[in-house]
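Chemist: Take this structure, written in structure tokens, and hold onto it; I'll ask about it next.
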Ligand code: NAP
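Residue numbers (the working numbering): 328 to 614.
Structure follows, in structure tokens:
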């Protein structure tokens, strides 16, 4: 990569930011498309997020991604929030508009939906209720994505019921009913379901495992884990044993980067096997 006076600039703000795979992801696409662009890690402390975001147009940046801990706090800084980001309550992508104003977007729902569409193209939103484990930031994006594609009933399981109830209050629509359940009901809610998604951090490396009885889940229902370290989680292994189509979390991570790349660098990009392999090689093995 060579930086010139006309190089288009974008990056990712986080604290810390060293763990982020986004510089590798966007660097891969920049190499592939031969665009004169650069994507930089930007370590920004929580107390400096407003100054850092306001500096983007001044420094000639086209925008940036946001990671922990900035995804919620940036909502009150940007000039406009895309409806999907407003519904989810978090921003992970900032686009600097030609007049220097900042638009906040959330591309996690897009990433989840595209990964599902690509991996299980035969899955239909009308196959049955979707069971979502978790009610954190990622779960909100998953629920918004499933509601948008026309799932009529979403059953949320979460340890902290109040958090799940807040998701139901914020994301229910006339076309999507959201119900809230405790972990005691995790087997019963799988009956007649058309999809099961883990959006908790259970099963992630160095977190407690996720042990589920899948015997009541209809065999045609895909089992999705958005955890991607390790790539093959205990849940996905169980899904395979029970004969379900399975969807891992790496595709969501890669697809969520596409809208930002397109907005900043002006080219559409794809998630290919070569990209998956190159990012996978950088993910720490499970311990
Ligand atoms: P978060 O906001 O902190 O939410 C964590 C969720 O996990 C909550 O629902 C929490 O329940 C639940 N949880 C954590 N520990 C638990 C335990 N011991 N027992 C039961 N439930 C537990 O995190 P997040 O941002 O939503 O991320 C969740 C996972 O998704 C992470 O593993 C993250 O890496 C992954 N993720 C993947 C992608 C992707 O692109 N593939 C994108 C975003 C996130 P409580 O509400 O009760 O605390």
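Idealized CB from N, CA, C, for every residue including glycine.
Small disclaimer: the values here were computed from a predicted structure and weren't measured.
Skipping 5 residues on each side, what residues in its chain have a beta carbon closer than 7 angstroms to that of residue 516?
Modeler: As a working note, residue 516 is residue 189 in the chain shown. Contacts found: 458, 482, 484, 508.
Chemist: Excluding sequence positions up to five away, which residues of its chain have a Cβ less than 6 angstroms from the Cβ of residue 477?
Modeler: Position 150 of the chain shown, counted from the first residue, corresponds to residue 477. Once the five neighbours on either side are set aside, the close Cβ partners of residue 477 are 452.
Chemist: Report whether the distance from the Cβ of residue 462 to the nearest heavy atom of ligand 1 is below 6 angstroms.
Modeler: For the purposes of this step, residue 462 is taken as the residue at position 135 of the chain shown. Answer for residue 462: yes, Cβ within range of ligand 1.
Chemist: What residue range is occupied by the uninterrupted alpha helix (DSSP H) comprising residue 385?
Modeler: Translated into the one-based positions of the chain shown, residue 385 becomes position 58. Note, residue 385: alpha helix (DSSP H), 376 to 385.
Chemist: If you follow the beta strand (DSSP E) that residue 432 is in, where does it begin and where does it stop?
Modeler: For this step, residue 432 is matched to residue 105 along the chain shown. First-last of the beta strand (DSSP E) with residue 432: 429 to 432.
Chemist: Taking the runs of the alpha helix (DSSP H) that are 4 residues or longer, which of them lie wholly in the segment 487 to 518?
Modeler: Segments of the alpha helix (DSSP H) lying fully in the segment 487 to 518: 488 to 498.
Chemist: With distances taken Cα to Cα, identify the nearest neighbour of residue 521 among 531, 536, 533, 549.
Modeler: Mapped onto the chain shown, residue 521 falls at position 194. When only C-alpha atoms are compared, the closest one is 549.
Chemist: Tell me whether residue 532 counts as near ligand 1, meaning its Cβ is closer than 6 angstroms to at least one heavy atom of that ligand.
Modeler: Numbered from its first residue, the chain shown carries residue 532 at position 205. Result no, Cβ not under 6 angstroms from ligand 1.
Chemist: Taking only three categories from DSSP, how would you classify residue 614?
Modeler: Within the chain shown, numbered from 1, the residue matching residue 614 stands at position 287. With a pLDDT of only 42 at residue 614, under 50, the local geometry of the prediction cannot be trusted, and no value is derived from it.
Chemist: What does the alpha-carbon distance come out to for the pair residue 567 and residue 446?
Modeler: Locating residue 567 in the chain shown gives position 240, where the first residue counts as 1. Locating residue 446 in the chain shown gives position 119, where the first residue counts as 1. Cα-Cα distance, rounded: 14 angstroms.
Chemist: My output table needs one value for residue 480: the three-state DSSP class, helix, strand or coil.
Modeler: On the chain shown, residue 480 is found 153 positions in, with the first residue counted as 1. Note: residue 480 maps to strand in three-state DSSP.
Chemist: When burial is assigned at 16 or more other CB atoms within 10 Å of the CB, is residue 401 buried or exposed?
Modeler: For this step, residue 401 is matched to residue 74 along the chain shown. Buried, by the Cβ-count rule.
Chemist: CB of residue 553 to nearest heavy atom of ligand 1: below 6 angstroms?
Modeler: Against the chain shown, residue 553 aligns to sequence position 226. Because some heavy atom of ligand 1 lies under 6 angstroms away, the Cβ of residue 553 counts as near it: yes.
Chemist: Please determine, among 608, 592, 602, 604, the residue with the shortest C-alpha to C-alpha distance to residue 334.
Modeler: Locating residue 334 in the chain shown gives position 7, where the first residue counts as 1. Out of 608, 592, 602, 604, 592 has the C-alpha closest to the C-alpha of residue 334.
Chemist: Whether or not the segment 391 to 406 and the segment 333 to 348 are in contact is what I'm after, with contact meaning three or more pairs of Cβ atoms, one per stretch, closer than 8 angstroms; do they touch?
Modeler: Touching, yes.
Chemist: Any idea what DSSP makes of residue 339, helix, strand or coil?
Modeler: What you label residue 339 is simply residue 12 of the chain shown in a count that begins at 1. Reduced to three states, the DSSP call for residue 339 is strand.
Chemist: Output the distance between the C-alpha atoms of residue 590 and residue 600, rounded to the nearest integer angstrom.
Modeler: Residue numbering aside, residue 590 sits at position 263 when the chain shown is read from its first letter. Residue numbering aside, residue 600 sits at position 273 when the chain shown is read from its first letter. Approximately 23 angstroms, taken between the alpha carbons.
Chemist: With DSSP as the reference, please indicate the residues paired to residue 420 in a beta bridge.
Modeler: Taking the chain shown and counting its residues from 1, one reaches residue 420 at position 93. Answer is 392, 432, bridged to residue 420.
Chemist: Please look up how many angstroms separate the CB atoms of residue 552 and residue 514, rounded, as I've assumed it's under 8 angstroms.
Modeler: By one-based count along the chain shown, residue 552 stands at place 225. By one-based count along the chain shown, residue 514 stands at place 187. Not really, about 18 angstroms apart at Cβ, beyond 8 angstroms.
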